[in-house]
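Just so you know, the protein sequences line up as chains B, U, S and X, in that order. Convert by adding 1 to the 1-based position in the first sequence; the result is the number in our numbering. Convert by adding 293 to the 1-based position in the second sequence; the result is the number in our numbering. Convert by adding 10 to the 1-based position in the third sequence; the result is the number in our numbering. Quick note: the fourth sequence, position 13, residue 11 per our numbering, numbers continuous. Idealized CB from N, CA, C, for every residue including glycine.
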Amino acid sequence: MTAAERSTAAVADPILDLDDLGVVFSSETGDVHAVRGVSLHVRPGETLALVGESGSGKSTVALAAIGLLPGNARATGRARLGATDVVAAGENDLARLRGRTVSMVFQEPATALDPLTRIGDQIAEVIRNHRPLSAREAAQAAIELLRRVGIPDPGRRASAFPFELSGGQRQRVVIAMAIANDPTLLIADEPTTALDVTVQAEILDLLRGLAAETGTGVLLVTHNMGVVADFADRVAVMLQGEIVETGPVEDILLRPSHDYTKRLLAAVPRLAVAEPGEAPRPSAEADAGTESATSGALAKFAEAGGSAESADSGGSATSGQSAESAESVVDLRAVTVAFGRGRGAVRALDDVSLSVRPGETVGLVGESGSGKSTAARVALGLVRPTSGTVTLFGSDLRRVSVRARRSLRSGVGVVLQDPVASLDARMSVGECIAEPLRVHRRRMSSKERQARVADILDRVRLPRGFARRTPRELSGGQRQRVSLARALVLDPRLLVADEPTSALDVSVQEAVLQVITELQDDLGFACLFVSHDLAVVQNFAERVVVMRAGRIEEQGATEVTLLHPGTDYTRRLLAAVPVPDPVVQRRRRAERQAEAAQARPPGTAPAGNDGGPGPETPGGTVPGDGPGDGPDRDGSNTGGSGVNA
Amino acid sequence: MNTYLYLARRVLQALAVILIVTVATFCLLHALPGGPARGILGPQATPEQIAQFNHAQHLDQPLPVQYGAYLGRLLHGDLGSSYTLNEPVSQLIVQRLPKTLVLTVLSALVGLLLAVPLGMWQAVRRNKPVDYVITTLSFVAYSTPVYFLGLILVLVFSHILPWFPAQAPQGDSLAQVFADPAGLVLPVVAGAASVVAVFSRYMRAATLENLSEDYVRTARAGGSRRGAILRRHVFRNSLTPVVAMLGYYVPVLFGGALVVEQLFNYPGMGLLFWSAAQSSDYPVLLGCVLVIAVATVVGTLLADIVQRIIDPRVKEGRA
Amino acid sequence: MSAVLQPGRLPGDGPSAEPADGVAAGGPRLAVRRFVRNRLAVVGLAVVVLFFLFCFVGPLLYSTDQIHTTLTQVNLSPSGSHLLGTDAVGHDELGRLMYGGKVSLVVGLAAGILATVIGTLWGAAAGYAGGWIDAVMMRVVDAGIAIPALFILLVVSAISTPGVPGLIVILGLVSWLVPARLVRAETLTLKNRDYVHTLRAIGGTHTRAIGRHILPNSVSTIVVAATFQVADAILLVAYVSYLGLGLQPPKTDWGGMLSAGLTATYSGRWWLILPPGLAVILVVCAFNAIGDGLRDAFDVRGRG
Amino acid sequence: GCNGANGSSSASSGSINYALPANFTPNWILPIGTPAHLNTNNVSIAASLWEPLVAYDGSTGGIGWNKKASIASAADFAPDGKSVTITLGARHWSDGKPITSRDVQFWFNLIKANKAQWAGYSAGKAPDNWTALKVLDDHRFTLTFDRSYNDQWMLANELSQITPLPQHLWDRASASAAVGDTDETPAGAKQVWTFLNSAAKNISKYASDPLWKTVSGPYEVHSFSTAGKVVLAANKKYDGGEKAHIPTVNLLPFTTTDAEENALRSGQVDYGYINATDLDQKASFTGQGYNVKPWTGWAITYMPYNFQNPTMGAVFKQLYARQAVQESIDQDSLSKVIFNGTAVPGYGPIPQAQASDFVSPAQKDNPYPFSTAKAKSLLTAHGWADQGGTMTCVQPGTSASQCGAGVAKGTKFRMQVLSQSGSTVTDNMMSAIQSSLAKTGIGFSIKTAPVNSVLSQTPQCTSGQASCKWQLSFFGTAGSWYFPAFPTGDSLFQSKGGSNFGSYSNPQVDQLITESTTSTSNNAVQQYSAALAKDLPVIWLPEPDYQISVVKNGLGGFAQDSLADFHPAQWQWTGK
Ligand SMILES: Nc1ncnc2c1ncn2[C@@H]1O[C@H](COP(=O)(O)OP(=O)(O)OP(=O)(O)O)[C@@H](O)[C@H]1O
Ligand SMILES: Nc1ncnc2c1ncn2[C@@H]1O[C@H](COP(=O)(O)OP(=O)(O)OP(=O)(O)O)[C@@H](O)[C@H]1O
Ligand SMILES: [Mg+2]
Ligand SMILES: [Mg+2]
Ligand code: NI
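Below you can see the structure in the form of structure tokens.
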């Protein structure tokens, strides 16, 4: 779509027109005024992005626009969709509109489809809701739609069940349903948040293409500024149920006027990208793993004092290396982890070697399911490697006695992803923080313990009074700081953080990362930092390890590896990250698409996105635990969401 | 996981369960004080006759030896011979089990046919008067002991209003049983009451849960009407957990049959067990428990298989 | 009778896997409010309270001789001196209802709680241990479920009849299986909570993980299970008398009164049947309704 | 292929629906077998098929020899009482062959060789005391005894057990073997026994196996279901004195009395029964065209004391203590109120529901009438004192005013009974007894179990054994002990009696019991009756009716046999 086209679109009659829209939820705790006085419009062919932090009311606006608000919501004002006012319309009228005039793509591809109905049938159902087609014709049309959204071999895939598809493919199916009847307005509520960056880029490309083809107006709900820069024509910023600023995307992202918008943008971690002129270095060099020594410009890295040699992934056990591993706080050597046995086995880690030296921060990145969390859990001793060795503070975890292992572990602090799930809601904040003390300093008096808790609360910059509160009385960022306090209460030498901020808003994320950085400067602990957010890792870690399908793809100093990646994989990862600058992002997208077009013949699906069930296949939740249930149905893999650049 | 492997594993587990059942029952039975001889031979039997009986039934051997012998015979399909009924246990079960199955299967079917739509209706009308009424009724149905319910049914529908006979069909063969459908009405109703109560609650919960699932919202966003969504999507999705429960309901159905059979003078397996328990007829007791355990295990297995059929995810879910 | 199942609950699903940290999502006050909103639950609670008052305070107001029989006053129909008439050995039926109710309620409560305790410990241990220990422990549970409780009770009744404590133990031992399965399922999700991972990563013991995190967080599941368990136990007590395992004179319980009264069905002595029958049904219904309400109160899901 | 059985009552047609006792399924037709198989109902069916040699029963109203229903026409005892010569009637098997002495000898040989497995066996009694059977001719044989016996006793209790069997069909070692004289060697007799017994284990063949087709009684098997329903058809070849009146007899099994009553109410049963507690509904049954006819049994009912019990045995051994217990039991009220008048008080070892020559005046007059006050003073007179409601021994010792030998100071008078479960009447009786014993100061706690379990758990024992924990036992919901026609107490109250559960032992009584079977007059029995009424070897309890029969109007021609057998051949539709 060219700029000229866009401006003509801007004058056409809006297809969605919200006028003083208000939404109130009546809940047990009282009424929540989730949306107040929102007015906005979307014109044909135009994409309006609705941004704002979590809970600001974005989804509520989107749902109100299609008339799908939950039963406890009351809408006021007007929401005109073509000629119909959604607020006043009855369910039957709305059903006639939905799927034809307006359709919607939801965030979570894992649950948006009926698990028991073949995808072809689900699409056909939407078609037949509005068009007088025979079942066979509708099925044919469904296959055609699947082809349009880029599902390979659509004829066969139409008879697949949702669980047989990867997350990206599922989202494509949902999109196919949404565009089945060429709607005039497409509402997309965080359509890519649950997906890997590479997949996200493809989905956004697809949506953009489809909207351009049919002149569909798009209302895009997101909190990812990169996505906004990538996609939107205009932006509306929401804060606590109200729209604080609206305008063209360049204006809002580059020259924000409202304070809140400014703050929001400032908090977004930015991925530093190599300038177009800078040639990528030959990959052979990267593999040798020696280049980092030459990157003298990396002040922080040099400061950390670590030898620039990264442990190479080959791992011939020379005496020099064992000396090195002796001094590293944690050292994984040729670790392989397989889950399950026989043909169903999953190699979560395959010959992985990595180490973290004192005071150093190592970032672990990679696609969802690449084995990041598993590596972290191996380092923590929560998962026993199938082969290979793990040394923690110089001792092999397998060899030492139970008692010694426990005391070794007192030197480890842990912060995990979800601030809600990582604190036991039944304990007070003080008890949560004191728990490691109770485990390892049994003889400590309660007074000493309290003092220690107060002390550590100061350090994470929480008021001492919080010790008496329960976690649910805190905000997400505060809870994550409590987690951090708990991790630090024993003065650990190693902090393992598995996606510690992926559940948080950018602004909150920034604050938490800030605190970690400061404390690390103070206390000098080493840190193994797992994230799939390259921008965060780039800002936070000195060294980065890139994982793919259980193997280490490459590793090296952050600035080097992430600026001049040595492998295509890393490059693709980086290219797929949208940056919150519309101008830069437009250029990057063009480059990426050009490169991708070269790399593979047209019509085939993007790599990493075909194939059968992706690793993030939700273990279809089967109620009732039949005797056959394995004890460990890991649901944690869906946590791949997060804030990207 | 591969279907055959899965089946093999399930069968192994089933065997383990059955083994545990036999050990437990065997121990329980032999913990009965006094032994069965005097009870079976009656007050007038002489000590010599009692010794003779104990010897003939190997009751004078140590317990582990007896159990070993029992298992050995079991492997050859021999369930032993009733002390009192003058027949091999396997033959008794072959005669009685089909009758009980007619009763339990009919009760379950009738119950489910009522429970599923009722549960869905309740979910759709959540917290409306219908919901409360059905909930209350299902609580009452669940809370009424079957023997009391049976009595009320007989009193009202056989005695006061002579609509149905107070006896279940008396024939020996299934053909004779089915020849008297009116006779089956009251026993099946008595047996079905708790099925309706329990499964309408399950169905209600499952439907409610599914109604709040994302895919319902997706379907609505695609313009599907409520009725269609209920029929096409929610129904099947809600049914899967309910099916999973059915296997575990098998023993409950047999427990119900125990009472229903004796209320309605219907000599099935429940009754066989009842009289065997009164007379300490170990082989029959063991045989019945074994059959029920097998039925339960097979029931859960069937439920699993049905689930695998209606829910393709299950195959993959159990890695 | 179906002590194996509890209505409205899918075995294996604890109250929502969401932040189900018990009373989570809103605190105890909210839980109370949600409970109160469930009308049936409130009625149930009132019924239970009334029956407790009736059985434990009632005898103080309406005292009768429940120890000695009075063969000169048998099978009297209700009158001023015997509000609910007398039974076949001359006990005042209303007094008997209070007297028997005490046993039904106490045995039901105690057995329900005992079953829940056993089931909780077993389920938590199995779920937490995982692997083959879990497999073996759950096979035992499966085996237990495969034998109908009535069958076990029938065999036990063939030995002889226990007293009140014995009855409690027996009922507890035949009905712990459902709570075991529920708690195991709950434990499986809880042991994968981040806070448990965190605790284990820093070297916390298993006992601590179970005792401080998993069990406290299963409280809502356990409490709800216990309520249904009590309902089932009261029902089982009624069955037990029918099977001949009932309590011995002068003690009795509603189930025993009911099955003794049943022989008088066609003699028109309704006062021997209806009161105990209704009492059993009402109390069991009431406990079920309370359980339902508690589930609502604790549950986050299924609200919308 | 059977004619309407479960439809409705069959008064008009040529059939009758008879309700078998609750929870009983017929499962044996062979007139010989083990005790597990030969219970009264099976025996009644068998006796309709194979007529006994001597039908000594209550089918004629009083107890006596019903010659019409017997193969034997005369039994002539030798004057010394040491042998009997029996003459057979001119009778034929249903296949036309005559019934001969050889058929009796066949029975005799089988029983002699297999006595240990035979239901009727008791050491020292038949066949041990029969020394020889000598066939005189086809219709006469002589049986010699080891010493002289009371004629009546021999006839009623021993000869009545003999059933002539079709030797010409059954005398073989296997189904394929030829019929011969296999029974004449003990080994052969064992084989025949095994063959017949295992053939009898195949219930589904009862109606078809030719083995069972040849009968001597008024009926033959038409169908015999494994679930318990038996259809008998009249034996057209029957040439005896008790010819069947009703061509088809349906014997229906019922799971419970309640289920049976439901069938009665809907008119599906012609001859059934009701619970004693339902006697007050008599009117509703008579309104439906039924007669309610109590069926009294030739039985006594009691609770044995376990004299070997380590805690209470010593107390039980004191006559005054047993007397106090007996005096605390109000048999009159129990019979009238609890049993609704369907029981009669029993004060001794001879059944009292029927008038007979055997009852002594002492037993009839109740030596220990109900009086808790007297019972109490009896105990206090023997060194007991009421402590907190329970009598406690305060003066141990053996003198007349002390507790007696073996009773320690501080012993509390508390007894526990293991009682038969499943009957409301029994439960009510137990609570009434508990209540009246409490007035005397005697504790009485009750446990219940099914009757089989009660019998298993209350065996004869010696005080050291673990099985000797029981104190009192009750298995008499329908009467504890059914006598053969001659009510001797040999296995019940003799010191070494096989069914003397409580190990009662009194040499004087032993002597009387032996005399009662051997002396030729009934005087010995009366002395035995008086002695035991006074010595209280057990707690005597009211004797309940065998069943409260409910009989369709128009069904008559029979008396209800107090030996608890039924005789279908006597039933007939009259009037209509
Ligand atoms: N069904 C509901 N009942 C009560 N309150 C609700 C409901 N749905 C949303 N809310 C509240 O309305 C407000 C706006 O929610 P909404 O989901 O629109 O936010 P959002 O901007 O989409 O946030 P996010 O980025 O986390 O998706 C929040 O405070 C939320 O708690
Ligand atoms: N307990 C387990 N049992 C079986 N498979 C597992 C288990 N844990 C992880 N896996 C599998 O191992 C692989 C690596 O998982 P891991 O959680 O380490 O990935 P990740 O890189 O952390 O992904 P994400 O970004 O989604 O968190 C995945 O394919 C996952 O399905
Ligand atoms: Mg949202
Ligand atoms: Mg992860
Ligand atoms: Ni039940």
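Cutoff 9 Å: U:PHE557 Cβ touching any chain X Cβ: yes
Enclosing beta strand (DSSP E) for X:TRP588 [first to last residue]: This structure cannot settle anything about residue 588 of chain X, because the visible part of chain X is limited to -1 through 574.
Reference X:THR512, options X:TYR502, X:GLY495, X:SER501, closest by Cα: It is X:GLY495 whose Cα lies nearest to the Cα of X:THR512.
Counterpart residues of U:THR397 in DSSP-defined beta bridges: Its beta-bridge partners do not exist; DSSP assigns none.
4-residue-minimum alpha helix (DSSP H) runs that sit fully inside the segment 430 to 460 of chain B, ordered along the chain: The segment 430 to 460 of chain B contains these whole alpha helix (DSSP H) runs: 430 to 441, 447 to 460.
Integer Cβ distance of S:HIS207 from B:ASP425, believed to fall under 8 Å: Not really, about 12 Å apart at Cβ, beyond 8 Å.
Closest Cα partner of X:TYR119 within the set X:VAL323, X:GLY386, X:ALA34: X:ALA34
Interface partners of S:VAL294 on chain U, CB under 7 Å: SER436
Under 9 Å between C-beta atoms of B:LEU22 and B:ARG97: no
Closer than 8 Å: B:GLY382 CB and nearest ligand 7 heavy atom: With respect to ligand 7, the structure offers nothing, as its ligand set consists of ligand 1, ligand 2, ligand 3, ligand 4 and ligand 5.
9 Å Cβ cutoff, B:SER104 in contact with chain U: yes
Proximal chain U residues relative to B:HIS441, where beta-carbon distance stays under 7 Å: Under the 7 Å cutoff, chain U gives no residues; its nearest Cβ is about 36 Å from B:HIS441.
Residue environment, B:GLN599, which counts as buried when at least 16 other CB atoms sit within 10 Å: exposed
U:SER493 - DSSP class collapsed to helix/strand/coil: In the three-state scheme derived from DSSP, where H, G and I count as helix and E and B as strand, U:SER493 is classed as helix.
B:SER55 beta carbon near ligand 3 (any heavy atom closer than 8 Å): yes
Min CB distance B:GLY625 to chain U below 9 Å: Because the pLDDT at B:GLY625 is just 34, under 50, the model does not fix this residue reliably, and the value given afterwards should be weighed accordingly. By this cut-off, B:GLY625 is an interface position.
C-alpha gap between U:ARG601 and B:LEU117, whole angstroms: 11 Å
Proximity test, Cβ basis, 9 Å: S:ASN227 and chain B: yes
Backbone CA spacing between X:ASP93 and S:VAL166 [nearest angstrom]: 51 Å
The beta strand (DSSP E) enclosing X:PRO251, as first and last residue numbers: 246 to 252
Distance cut-off 8 Å: B:LYS59 Cβ against heavy atoms of ligand 3: Checking the Cβ of B:LYS59 against ligand 3 gives yes.
Proximity of X:MET310 and X:GLN469 at Cβ, strictly below 9 Å: Yes, these two residues count as a Cβ contact at 9 Å.
Chain-order list of residues whose beta-carbon lies under 6 Å from that of U:SER436 (same chain, five-residue window excluded): Taking C-beta separations shorter than 6 Å and ignoring five residues to either side along the sequence, U:SER436 has no partners in its chain.
In DSSP terms, what B:PRO386 is bridged to: Answer is none; B:PRO386 lacks a bridge partner.
Proximity test, Cβ basis, 9 Å: X:ILE336 and chain S: yes
Exposure label - X:GLY238; buried when at least 16 CB within 10 Å: buried
Chain-order list of residues whose beta-carbon lies under 8 Å from that of S:VAL52 (same chain, five-residue window excluded): Within the same chain, S:VAL52 has close Cβ partners PHE45, VAL46, GLY303.
Closer than 8 Å: S:ASN298 CB and nearest ligand 1 heavy atom: no
Rounded distance between the beta-carbons of X:ASP207 and X:PRO164, thought under 8 Å: With 8 Å as the limit, X:PRO164 and X:ASP207 do not qualify as a contact, their Cβ atoms being about 13 Å apart.
Residues of its chain near B:ALA405, where Cβ-Cβ distance is below 8 Å and the 5 sequence neighbours each way are ignored: SER396
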